[in-house]
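**Q** Have a look at this one.
Protein chains: 2
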Amino acid sequence: MDNQFKFLLQEWREQIDRRLFQVLDGHHPAILYDPIQYVLEGGGKRIRPILLALSCKAVDGVLEKCWDAAVAVELLHDFTLVHDDIMDRDDTRRGRATVHKKWNSDIALLAGDGLVALAFQSLLRTQSSKIHEIATVFTEGIIELCEGQAFDLEFETNGDVNLKDYLDMIGRKTARLLNVSAKLGGLIGNGNEAEVQALGNFGYNLGCGFQIQDDLLDITSDEATMGKTYGSDVKRKKQTYLLVHALSEADSSIKEQLRFLLTKQEINRTQINEVKVLFEKAGSIDAAKFAINKYILSAKSNLDELHSTQGKELLLSFLKYISNRNA
Amino acid sequence: MDNQFKFLLQEWREQIDRRLFQVLDGHHPAILYDPIQYVLEGGGKRIRPILLALSCKAVDGVLEKCWDAAVAVELLHDFTLVHDDIMDRDDTRRGRATVHKKWNSDIALLAGDGLVALAFQSLLRTQSSKIHEIATVFTEGIIELCEGQAFDLEFETNGDVNLKDYLDMIGRKTARLLNVSAKLGGLIGNGNEAEVQALGNFGYNLGCGFQIQDDLLDITSDEATMGKTYGSDVKRKKQTYLLVHALSEADSSIKEQLRFLLTKQEINRTQINEVKVLFEKAGSIDAAKFAINKYILSAKSNLDELHSTQGKELLLSFLKYISNRNA
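Residue numbers (the working numbering), protein chains in the order written: chain A, 1 to 327; chain B, 1001 to 1327.
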């Protein structure tokens, strides 16, 4: 990543963080706002607000106008994390205890509700003649986020998930919010319809690639870098691109071995390694890499619609930054 | 209640119900939308959407424009019920199993999230030049709802609650949504600033009276009418107007007896009756009746600001309908 872009990311991250915490100013009671503050302090890469700001810049928009919406997509993302962690019984997030673990699930439930409300509050501070469309895009995004999470819950009890189902699920659960972020940036920046659409598609493709990469990193990245446990998806028997691919595409002996490993109550480190070997044999790791690359190429081609050369370059740098991550 | 008003309420309720269920058309997966449909089928008096429609009419607004927002406030109310029931461990609501009881708390959590998103979706279908203000009023309302629920949670572990704390809590948790409903009706109906403010105050006062009445009915209404268990608030040691009043205003012997009863793990029917007698002795039942009346009188006087004679009359009929309820 070139230094100029790195510097820009750093500057924007600080801008976003400063504005994120302002959302909490003067609010009480602590029982609601302390857990929310804790979530905001947890860090994260702020990918969604940065994508929003980049998209605003990519249509030569006024950057200053986009920060409230940028904060909104980050708050919305945090809302999904807090509620999903309750449903997934996840004890750690970004290397720290999750809200329901540090407090309890009632507090986490309420903190999530507060986050979604604060997200709308921040969004509605945006000064734009397109505020109705902006709020509608945001809202439709939340509905799909809920649907994505619902499909994910359904997958837990339904062993028969194919790649189409999986891609539909991550489309809603992960890619949609990146799609929304990019579209909002385009709308606030006063991009034309084709540009807003192209930015949305860019966000969507980036999101799909990002999620499959996340699935892949679960067994190819080391713990210290990742901030979550090696093979935690495997441990939780989560329907990832790799597992869905292997269980639908591998030959029957591999499928059988995989299914056998998944019957275990507890999956230990040796067994995670065995699963990894089975994924390799099934070609699932290569397939995941291929799929990630396909989405990245699609995202690139979405940028053809943009007029601003600088905007295009910034989004290409962002794409590179995201796809080169190892955590 | 005169027959004409009764007929109007019935007609509007049908209108609201029809539109409520349309929100679900074509949506899936069932794991998300079945529980939501179940909640909508649970009935309820549709007080909030009716107040919104009445407020629209009270400023001579076009009724047809208000239904999407009316549906939105009902969906928002349902969201709070589903999530609050999880936190309060309530097993029944409107005489049926609560969502987390019929399914589980993950499903209920997600259904609540879906409801709040659907509420915004419906609200944003409203055609109004004031949509930015409409969405902002709605959003600020949700934030206060969360804060109200947070104070309520805090009260559970904090025995030292005074009437001011209690009134602040119900102001946020109950009255605010009635305030929002009335304001939205006024805004959509193109009322002037003073009218919108007056309608909002009317909703707020009505809401406070309504909640204290609810507290009172817990031990003065019979089960069949109420649809919830006699003395369920007492059983759950909930901070109601009556309990807060008695524990702060009664003489020390009554306080002592009350506190002793509240130390019991399980409070049986005989003990609920004892609590009721203590409330009577402490003057808490009379104080509650006095407070309800005070709020109703305030609500009435808020209507002085309205220009439409018919609008005023409709809202007065509504006030009468609400304050005469015995369930």
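Every residue, glycine too, gets a C-beta built ideally from N, C-alpha and C. It should be emphasised that the depicted structure is a prediction, and the values quoted were computed from it without experimental measurement.
1) When the Cα atoms are used, what is the spatial distance from ASP1168/B to TYR321/A?
2) Could you round the C-beta distance between ASP85/A and THR98/A to whole angstroms and report it? I think they count as a contact, below 8 Å.
3) So, is the C-beta of ALA117/A closer than 8 Å to a C-beta in chain B?
4) For LEU32/A, which residues in chain B fall below 7 Å Cβ to Cβ?
5) What residues of chain B sit near ALA135/A, judged by a beta carbon separation below 7 Å?
6) Based on DSSP bridge pairs, tell me the residues matched to ARG1093/B.
7) Roughly how many angstroms lie between the CA atoms of ARG1236/B and PHE1279/B, to the nearest whole one?
8) Give every residue of the same chain whose Cβ lies closer than 6 Å to the Cβ of GLY191/A, excluding the five residues on either side of it in the sequence, and list them in chain order.
9) Got a sec? Which residues, its chain only, sit under 6 Å from LEU1206/B by beta carbon, not counting five neighbours each side?
10) Can you tell me which of SER129/A, ALA287/A, VAL196/A puts its alpha carbon nearest to the alpha carbon of LYS57/A?
11) Contact between the segment 1114 to 1124 of chain B and the segment 1144 to 1159 of chain B is defined here as three or more beta-carbon pairs at a separation below 8 Å; is this criterion met?
12) Quick one: Cα of LEU1123/B to Cα of ILE272/A, how far?
13) Which full runs of the alpha helix (DSSP H) of 4+ residues lie inside the segment 171 to 253 of chain A, going along the chain?
14) Please give me, in chain order, every unbroken run of the beta strand (DSSP E) with length at least 3 that falls completely inside the segment 1020 to 1045 of chain B.
15) Smallest Cα separation from ALA1072/B: which of THR1229/B, ALA1182/B, GLN1010/B?
16) Need the endpoints of the alpha helix (DSSP H) that GLN271/A sits in, please.
17) Using 8 Å as the cut-off, can you tell me whether the segment 208 to 217 of chain A makes contact with the segment 124 to 144 of chain A, which would need three or more C-beta pairs spanning the two stretches below that distance?
18) Could you tell me which of ILE188/A, LEU184/A, THR220/A, GLN310/A sits nearest to TYR204/A, measuring between CA atoms?
19) So ARG48/A is in the alpha helix (DSSP H); what residue range does that whole segment cover?
20) Classify GLY1159/B as helix, strand or coil using the three-state DSSP reduction.
21) In whole angstroms, what is the alpha-carbon distance linking THR309/A and ARG13/A?
22) In terms of alpha-carbon separation, which member of GLN1037/B, THR1174/B, GLN1004/B lies closest to GLN1211/B?
23) Please tell me whether ALA150/A and LEU1032/B are closer than 8 Å, where the distance is taken between their beta carbons.
24) List, in chain order, every chain A residue whose beta-carbon is nearer than 7 Å to that of PHE1021/B.
25) Checking 8 Å against the spacing of the C-beta atoms, do ALA246/A and ALA282/A come in under that value?
26) Exposed or buried, ASP2/A, counting other C-beta atoms within 10 Å across all chains shown (16 or more means buried)?
27) GLU1154/B touches chain A at which residues, Cβ-Cβ below 7 Å?
28) Flag SER140/A as yes if its beta-carbon sits less than 8 Å from any beta-carbon of chain B, otherwise no.
29) Find the residues of chain A that neighbour HIS1083/B, judging by a C-beta separation of less than 8 Å, and give them in chain order.
30) Could you pull the start and end residues of the alpha helix (DSSP H) that ASP78/A belongs to?
31) Any idea if HIS1307/B is buried or exposed, counting beta-carbon neighbours within 10 angstroms, 16 or more meaning buried?
32) What would DSSP say about ARG125/A, mapped onto helix, strand or coil?
33) For the putative contact between ARG172/A and LEU145/A, defined by C-beta atoms under 8 Å, what is the C-beta separation to the nearest angstrom?
34) Would a check of beta-carbon distances place HIS1077/B closer than 8 Å to chain A?
35) Go ahead and label LEU20/A buried or exposed: buried means 16 or more other beta carbons lie within 10 angstroms of its beta carbon, across all protein chains shown.
36) What is the residue span of the alpha helix (DSSP H) that LYS1320/B lies within?
**A** Working from what's here:
1) 49 Å
2) The Cβ separation is near 4 Å, so the contact holds.
3) Nearest CB-CB separation between ALA117/A and chain B: below the 8 Å threshold.
4) Within chain B, the residues near LEU32/A are CYS1146, GLU1147, ALA1150.
5) Residues of chain B passing the Cβ test: LEU1124, ALA1135.
6) ARG1096/B
7) 16 Å
8) Cβ-Cβ distances below 6 Å link GLY191/A to VAL59 in the same chain, with the five nearest sequence neighbours on each side left out; the list follows chain order.
9) Only LEU1178, ALA1299 meet the Cβ criterion.
10) VAL196/A
11) no
12) 48 Å
13) Taking only runs of at least 4 residues, the alpha helix (DSSP H) segments lying wholly in the segment 171 to 253 of chain A are 176 to 188, 193 to 220, 223 to 226, 232 to 235, 241 to 249.
14) Counting only runs of 3 or more, we get nothing.
15) ALA1182/B
16) Per DSSP, the unbroken alpha helix (DSSP H) holding GLN271/A starts and ends at 269 to 281.
17) no
18) LEU184/A
19) Judged by DSSP secondary structure, ARG48/A falls within the alpha helix (DSSP H) whose first and last residues are 47 to 58.
20) coil
21) 23 Å
22) THR1174/B
23) In this structure, ALA150/A lies near LEU1032/B, with their beta-carbon atoms less than 8 Å apart.
24) Those do not exist, as PHE1021/B stays about 17 Å from chain A at its closest Cβ, beyond 7 Å.
25) yes
26) exposed
27) PRO29, ILE31
28) Correcting the residue identity first, residue 140/A is Glu in this sequence and not Ser. It does; some Cβ of chain B falls within 8 Å.
29) LEU109, LEU110, ASP113
30) 67 to 88
31) exposed
32) coil
33) About 7 Å; that satisfies the 8 Å criterion.
34) no
35) Buried.
36) 1309 to 1323
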